[in-house]
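Engineer:
In my numbering, the protein residues as written are 130 to 696.
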């Protein structure tokens with residue numbers, strides 16, 4: 130009987146049977162039932178499931194593969210997977226309108242201006258330098274800009290891989306945690322170039338470097354980690370919450386006070402540098418208001434929607450990507466069980482490296498909840514740190530169950546993204562079909578070549594980027610006009626007037642860009658241009674508004690309301 134259980138024939142039948150189930154039940158929802166079924170078996174009889182999964186791993190020789198695979202082969206593998214999942218949506222010109230705001234502010238650096246001086250948004254100045262550099266390298270081609278941003282995501286993924294390898298060298302494969310992170314980042318809304326992505330770039334390197342300090346006790350790593358963390362906070366001010374993770378990590382080492390001084394000194398270097406740059410150029414007031422006053426007022430104002438939005442995120446995941454939701458559920462169940470054993474039964478221990486990562490994970494949840502808005506992209510940090518702890522499981526059967534579900538999720542993800550990614554490789558055709566780019570060409574053709582003209586844009590800011598023209602509106606993102614914590618502070622320091630929109634329109638710029646969204650957001654006055662001035666003509670652009678490539682989320686109320694002043 131024992132020889133029968135251990136025979137390769139039985140293993141072969143088990144694996145072909147499992148493969149047939151996955152092939153036959155191709156729908157991801159039904160795949161979810163397979164994973165749930167396996168988890169129920171785990172609860173009832175973990176020994177049986179362990180034998181079942183062991184047969185799969187032995188048949189495909191997974192264990193040997195995970196042990197012997199060359200690190201560079203895994204990097205190439207991650208690179209290919211990343212671009213398959215990220216390229217599948219580049220045919221949509223816009224996924225989130227925040228990106229257009231960032232790129233307009235960043236583009237103004239090319240005009241010789243510091244961030245905030247003539248074009249204002251509420252993120253840290255380093256973000257806009259990031260955007261300017263990537264835009265410059267892409268030749269101001271918005272599609273190439275997106276692809277170059279994916280390289281930043283790839284570098285973050287490599288940092289994640291190296292962090293897992295250093296912290297948990299004996300628990301699973303770093304590539305598994307990296308794939309979980311990329312699965313989260315392949316969600317449609319997560320493919321945009323948010324500030325959290327670029328902040329995470331520096332934060333991930335900072336964590337990687339400070340782990341080197343733990344291993345070697347060399348103070349240069351501590352100081353460098355502080356500099357990198359300081360850069361992260363100069364992209365997204367809220368990332369400062371991760372100071373708790375770093376302080377806890379340093380607390381676990383010897384010479385706490387000496388080490389914390391070195392780390393904080395590193396943080397201060399980039400902050401002092403930018404403070405001096407703005408001070409010397411006479412713009413220190415707008416710098417302090419943007420980096421410190423407004424974030425504090427904005428966070429403390431209004432209701433907290435984070436919990437409601439988190440429920441919405443889980444519900445969307447259930448309907449759109451249940452296999453990823455099930456991986457998340459398995460992680461929560463396994464880690465909860467582990468902590469329950471530790472606190473209630475005192476069974477086992479939580480090692481120092483696990484405590485460090487868990488502290489960073491808690492900080493990432495604090496970032497999400499303290500922001501108060503519940504925007505899904507605030508979960509980027511959660512995705513990163515939850516991927517680190519994903520394979521750090523004590524029981525082999527848990528790790529194998531998670532890897533089995535991860536493999537199937539990976540295959541499903543490749544299948545759902547591959548065809549569109551291949552078609553999007555024709556970047557010239559994709560870029561030519563961007564509707565806002567075509568609208569920018571139409572506007573430009575209404576003026577004589579090399580003629581200078583002014584633009585006042587309350588929406589569709591990407592048009593001014595394509596035209597390489599600054600927006601006469603200093604506040605780039607339209608909803609910031611309605612945030613009293615933002616608008617009031619900018620009025621208080623004299624950056625804008627109390628009736629900024631009316632004043633800008635009264636100057637009669639050559640191009641006025643509004644939308645149906647801004648008509649409902651503001652008093653009807655700003656966008657009813659034809660009723661106010663007889664020398665403006667509205668351009669009919671319904672063809673471009675109806676383009677399937679305009680926006681992933683369609684935005685039916687963001688119609689084109691664009692007016693040209695007649696000479």
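We put the CB at the ideal spot given by N, CA and C, even for glycine.
Report the start-end ranges of each beta strand (DSSP E) in the stretch 545-579 that is 3 residues or longer and not cut off at the edges.
Structural biologist: DSSP runs (the beta strand (DSSP E)) wholly in the stretch 545-579: none.
Engineer: Which partner residues does residue 680 have in the DSSP bridge list?
Structural biologist: Beta-bridge pairing links residue 680 to 223.
Engineer: Between the Cα of residue 278 and those of 291, 264 and 289, spot the shortest distance and give me the residue it belongs to.
Structural biologist: Checked all of 291, 264 and 289; the closest Cα to residue 278 is 264.
Engineer: Restricting to runs no shorter than 4 residues, where is the alpha helix (DSSP H) found entirely within the stretch 257-308?
Structural biologist: Listed in chain order, they are 271-296.
Engineer: Near residue 602, what residues of its chain come up, given a Cβ to Cβ distance below 8 Å and the 5 sequence neighbours on each side ignored?
Structural biologist: Excluding sequence neighbours, residue 602 sits near 585, 586, 587, 629, 630 and 633.
Engineer: In this structure, how does DSSP classify residue 693 when only helix, strand and coil are distinguished?
Structural biologist: Of the three classes helix, strand and coil, the one that applies to residue 693 here is strand, per DSSP.
Engineer: Assuming contact is defined by CB atoms lying nearer than 7 Å, are residue 213 and residue 321 in contact in what I supplied?
Structural biologist: For residue 213 and residue 321, no; Cβs fall outside 7 Å.
Engineer: Is the beta carbon of residue 233 closer than 7 Å to that of residue 605?
Structural biologist: Contact: yes.
Engineer: I'd like to check one pair, residue 492 with residue 371: are the Cβ atoms closer than 7 Å?
Structural biologist: Taking 7 Å as the Cβ cut-off, residue 371 and residue 492 qualify as a contacting pair.
Engineer: Please report the Cβ distance between residue 309 and residue 456, rounded to the nearest whole angstrom; I am assuming they are in contact, meaning their Cβ atoms lie under 8 Å.
Structural biologist: Their Cβ separation, rounded to whole angstroms, is 7 Å, which keeps residue 309 and residue 456 in contact under 8 Å.
Engineer: Is it right to say residue 215 is buried, meaning 16 or more other beta carbons lie within 10 angstroms of its own, or is it exposed?
Structural biologist: Result: buried.
Engineer: Are residue 230 and residue 250 touching if we call contact CB-CB under 7 Å?
Structural biologist: Yes, they are a contact pair.
Engineer: Runs of 4 residues minimum, wholly inside the stretch 595-681: which ones carry the alpha helix (DSSP H) assignment?
Structural biologist: As far as the stretch 595-681 is concerned, its whole alpha helix (DSSP H) runs of at least 4 residues are 613-621, 629-635, 645-650, 658-661 and 671-674.
Engineer: Alpha carbon to alpha carbon, what distance is there between residue 271 and residue 470?
Structural biologist: So the two alpha carbons sit approximately 51 Å from each other.
Engineer: Indicate whether the contact test is met: 3 or more Cβ pairs, each with one atom in the stretch 565-584 and one in the stretch 482-492, closer than 8 Å.
Structural biologist: No, they do not touch.
Engineer: Rounded C-beta distance between residue 323 and residue 615? I'm assuming under 8 Å.
Structural biologist: Rounded, the Cβ-Cβ distance is 19 Å, inconsistent with contact.
Engineer: If you drop the 5 nearest sequence neighbours on each side, which residues of the same chain put their C-beta closer than 8 Å to that of residue 412?
Structural biologist: Closer than 8 Å at Cβ, skipping near neighbours: 243, 245 and 246.
Engineer: Can you tell me which of the three DSSP states residue 364 falls into?
Structural biologist: Three-state result, residue 364: coil.
Engineer: Confirm, please, whether the CB-CB distance from residue 642 to residue 658 is below 7 Å.
Structural biologist: No, Cβ-Cβ distance for residue 658 and residue 642 is not below 7 Å.
Engineer: I'd like to know if the stretch 509-524 and the stretch 382-392 are in contact, where contact means that at least 3 CB-CB pairs between them fall below 8 Å.
Structural biologist: These segments do not touch.
Engineer: Between residue 288 and the rest of its own chain, which residues show a CB-CB distance below 7 Å, the 5 nearest in sequence each way excluded?
Structural biologist: So the qualifying residues of the chain are 333, 334 and 337.
Engineer: Alpha carbons only, please: which of 226, 254, 221 and 224 is nearest the one belonging to residue 237?
Structural biologist: Checked all of 226, 254, 221 and 224; the closest Cα to residue 237 is 254.
Engineer: Looking only at its own chain, which residues have a Cβ that is under 7 Å from the Cβ of residue 482, when we skip the five neighbours before and after it?
Structural biologist: For residue 482, where only same-chain residues beyond five positions count, the Cβ hits under 7 Å are 296 and 297.
Engineer: At what residues does the beta strand (DSSP E) containing residue 585 begin and finish?
Structural biologist: 584-586 is the extent of the beta strand (DSSP E) around residue 585.
Engineer: Would you kindly report the start and end of the unbroken alpha helix (DSSP H) that includes residue 484?
Structural biologist: Taken as a continuous stretch (DSSP letters only), the alpha helix (DSSP H) holding residue 484 covers 481-500.
Engineer: Tell me, to the nearest whole angstrom, how far the beta carbon of residue 305 is from that of residue 453; I am working on the premise that it is less than 8 Å.
Structural biologist: Their Cβ separation, rounded to whole angstroms, is 14 Å, which puts residue 305 and residue 453 out of contact at 8 Å.
Engineer: In this structure, what does DSSP give as the bridge partners for residue 249?
Structural biologist: Answer by DSSP bridge pairing, in chain order: 604.
Engineer: Once you ignore the five residues that flank residue 369 on each side, which residues in its own chain have a CB closer than 8 Å to its CB?
Structural biologist: The residues are 362.
Engineer: Can you tell which of 570, 613, 293 and 257 has its C-alpha closest to the C-alpha of residue 593?
Structural biologist: Minimum Cα distance to residue 593 is reached at 570.
Engineer: State the Cα-Cα distance for the pair residue 319 and residue 664, rounded to the nearest angstrom.
Structural biologist: Computed Cα separation, rounded: 43 Å.
Engineer: Taking only the alpha-carbon atoms, compute the straight-line gap between residue 679 and residue 673 and give it to the nearest angstrom.
Structural biologist: When rounded, the distance between both Cα atoms is 8 Å.
Engineer: Within its chain, find whatever has a CB closer than 7 Å to the CB of residue 575; leave out the 5 residues flanking it on each side and keep chain order.
Structural biologist: Within the same chain, residue 575 has close Cβ partners 693.
Engineer: Report, in whole angstroms, the separation of the C-beta atoms of residue 239 and residue 261, which I expect to be a contact under 8 Å.
Structural biologist: With a Cβ gap of about 6 Å, residue 239 and residue 261 count as contacting.
Engineer: Considering only the alpha carbon of each residue, which of 387, 359 and 424 lies closest to residue 399?
Structural biologist: Checked all of 387, 359 and 424; the closest Cα to residue 399 is 359.
Engineer: State the Cα-Cα distance for the pair residue 583 and residue 691, rounded to the nearest angstrom.
Structural biologist: If you take the alpha carbons of residue 583 and residue 691, they lie about 13 Å apart.
Engineer: Flag this pair as yes or no: are the beta carbons of residue 283 and residue 377 separated by less than 7 Å?
Structural biologist: No, the pair does not count as a contact, with Cβ atoms beyond the cut-off.
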